[in-house]
Amino acid sequence: MSDKISFDPYETLHKFSLLWEKQVNDFIYLWTNNKEFVQMTNLGTEIHARYLETFKKNHEALAGVLNLPTKSDVINVANLTIQAEEKIEALEEHMWNLQDSMESQSKDIESVVEVSKEIIKLTKQLKSEFVKTKK
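Just add 37 to wherever you are in the sequence shown, counting from 1, and you've got our numbering.
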């Protein structure tokens, strides 16, 4: 058997990527230590933020003219939907409570009717006995 060294492309790629990573990190380190670069980056970020804000306002205006929903419109609709669902759930719970209380009142009414029937029955019985005793 011969001691041939096989070529591993992944090992070569790994070495190149480590070398490239070190060079990029050194480059970033040098630029971030540069005061002018940091100031220009800060200025560029502020300009970009203003540009995005202007773009957002123009987008809202154009969407309003074209009658298209915007991101804020979708958010508002989602919030309203959630609120409506919560109110519906509260109403359902309230209806269930009312239904339960009506059932309990119905049972109470049934028991009152039964007692009333017993009282009427006893009253008739007393009346018939009273009539018998009068004779």
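No residue lacks a Cβ here, since even glycine has one placed at the ideal position from N, Cα and C. It should be emphasised that the depicted structure is a prediction, and the values quoted were computed from it without experimental measurement.
Beta-carbon gap between residue i and residue j smaller than 8 Å
i, j, result
"Val75", "Thr69", "yes"
"Thr107", "Ala100", "yes"
Per-residue DSSP class, three states only, for residue i
i, result
"Thr82", "helix"
"Lys41", "coil"
"Asn95", "helix"
"Leu117", "helix"
"Pro46", "helix"
"Lys169", "helix"
"Thr107", "coil"
"Asn62", "helix"
"Asn71", "coil"
Buried/exposed call for residue i, threshold 16 Cβ in 10 Å
i, result
"Met38", "Here the model assigns Met38 a pLDDT of 48, short of 50, so the residue's position is not dependable, and the following value carries that caveat. Label assigned to Met38: exposed."
"Ser153", "exposed"
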